[in-house]
């Protein structure tokens, strides 16, 4: 009986030893039923696994991706973007089995990718045809040239002369960073198709203060002899005022804008009419700028709220249609009643000055009629009448009456 027990025990030990041999037999292999990118790698040794990853798995992961971009289709090679399978990192994530258990459930391993920062730039270059910068809106106003001059009856019609309007155009863009992420996700999931969104990029405005400006609404040119000191003052006030913007509904004061005429501000002494007599004063001659501006505003049909002609008639100016200027005493104030800004542009030459007003008055025509001179003492009285026609209908009239005390 004892011998039988010993025999049985021995058999059990041998059986146990046999089982241990089956379970613990060294065999460093990939666990069964393991897949990478759909490629079976279960049961492979390290060497076999490396070969499979470098071969079939790389081919599968790095295959051509078809990208739908708007109505176009673009074929992309991930490797051209620098996006590659990271064999070492993928292999490290697979693991090994030393035991031979029954066949496990399927296990899919997500491939690890190398995605360099340069992939974004490379993809953006590849999609350059879909990357269009927006063109901003802009308004360019030419330095004015003579369009209207003269002392008697004149008519002016607003036009697009001297105005260049660049209409804004929206651009388009594809987010390259998002595109790289989409490609990477598709590669990991074994997909070969992606869609890139094309988004519109709004155009900006390079000259927002000029929104609505598209016409030369008024202009005038006056003349003077070359090289006198007064010309220095005309050029200086022209330089200061040039580019001034009168906002919609706003008013403009020539004195406030030009400032006091002093030597420190670049003005010189020149003859000016003071209490009916010619005297030298700093800024003498700026009345020629004031007169030119007045006429530009007159033919633009703007509201000239404050102005004053000279006491003595100066033959180079249109009679009754002119305006003197004196610091803190006589000003010219212009109101902009339109819905668009009014921009003052000035161009001076050695023998003349042109003021142009840019804005928008639509289909506006301004007619100015100068009446006969009526002698009064050593001077004369004059009347000037302005008629404004808007879109074919007369919308208003203005009458200027002035009496000159004499001639300069």
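Numbering (my numbering), first residue to last: 48 to 455.
Ideal Cβ positions, reconstructed from N, Cα and C, are used throughout, including at glycine.
Note that this is a predicted model, so its numbers are computed, not measured.
Do residue i and residue j have their C-beta atoms closer together than 8 angstroms?
i: residue 357; j: residue 260; result: no
i: residue 298; j: residue 382; result: yes
i: residue 225; j: residue 181; result: no
i: residue 212; j: residue 245; result: no
i: residue 188; j: residue 390; result: yes
i: residue 331; j: residue 431; result: no
i: residue 269; j: residue 429; result: no
i: residue 90; j: residue 76; result: yes
i: residue 288; j: residue 304; result: yes
i: residue 111; j: residue 122; result: yes
i: residue 433; j: residue 427; result: no
i: residue 302; j: residue 252; result: no
i: residue 317; j: residue 338; result: no
i: residue 392; j: residue 290; result: yes
i: residue 248; j: residue 223; result: no
For residue i, which residues does DSSP report across the bridge?
i: residue 449; result: 429
i: residue 373; result: 377
i: residue 406; result: 262
i: residue 209; result: None, per the DSSP bridge assignment.
i: residue 188; result: 210
i: residue 81; result: 154
i: residue 216; result: 182
i: residue 240; result: 113
Apply the 10 Å Cβ neighbour rule to residue i and answer buried if 16 or more other Cβ atoms are within range, or exposed otherwise.
i: residue 294; result: exposed
i: residue 354; result: buried
i: residue 448; result: exposed
i: residue 172; result: exposed
i: residue 454; result: exposed
i: residue 190; result: exposed
i: residue 460; result: Here the chain has residues from 48 to 455 only, and residue 460 is not among them.
i: residue 99; result: buried
i: residue 326; result: exposed
i: residue 446; result: exposed
i: residue 286; result: exposed
Just the Cα atoms here: how many angstroms apart are residue i and residue j?
i: residue 116; j: residue 236; result: 20 angstroms
i: residue 82; j: residue 93; result: 15 angstroms
i: residue 239; j: residue 215; result: 38 angstroms
i: residue 152; j: residue 79; result: 9 angstroms
i: residue 319; j: residue 179; result: 59 angstroms
i: residue 328; j: residue 312; result: 14 angstroms
i: residue 162; j: residue 209; result: 54 angstroms
i: residue 450; j: residue 378; result: 19 angstroms
i: residue 72; j: residue 132; result: Confidence in residue 72 is poor, its pLDDT being 42 and thus under 50, which makes the residue's placement too unreliable to answer from.
i: residue 70; j: residue 137; result: Here residue 70 scores only 42 on pLDDT, less than 50, and its place in the model should not be relied on; the value that follows carries that caveat. Cα-Cα distance, rounded: 27 angstroms.
i: residue 199; j: residue 417; result: 6 angstroms
i: residue 257; j: residue 127; result: 47 angstroms
i: residue 347; j: residue 221; result: 48 angstroms
i: residue 336; j: residue 292; result: 17 angstroms
i: residue 361; j: residue 396; result: 20 angstroms
i: residue 156; j: residue 169; result: 28 angstroms
i: residue 231; j: residue 124; result: 12 angstroms
i: residue 234; j: residue 175; result: 23 angstroms
i: residue 387; j: residue 443; result: 20 angstroms
i: residue 107; j: residue 254; result: 54 angstroms
i: residue 207; j: residue 412; result: 14 angstroms
i: residue 109; j: residue 101; result: 11 angstroms
i: residue 95; j: residue 229; result: 31 angstroms
Nearest chain B C-beta to residue i closer than 8 angstroms, yes or no?
i: residue 430; result: Among the chains of the structure shown, chain B does not appear; only one protein chain is present.
Roughly how far, in whole angstroms, is the beta-carbon of residue i from the beta-carbon of residue j, given that I think they are within contact range, below 8 angstroms?
i: residue 281; j: residue 333; result: 7 angstroms
i: residue 372; j: residue 266; result: Not confirmed; about 20 angstroms, so no contact.
i: residue 129; j: residue 159; result: Between residue 159 and residue 129 the Cβ distance is about 15 angstroms, and since that is not below 8 angstroms, they are no contact.
i: residue 241; j: residue 114; result: 5 angstroms
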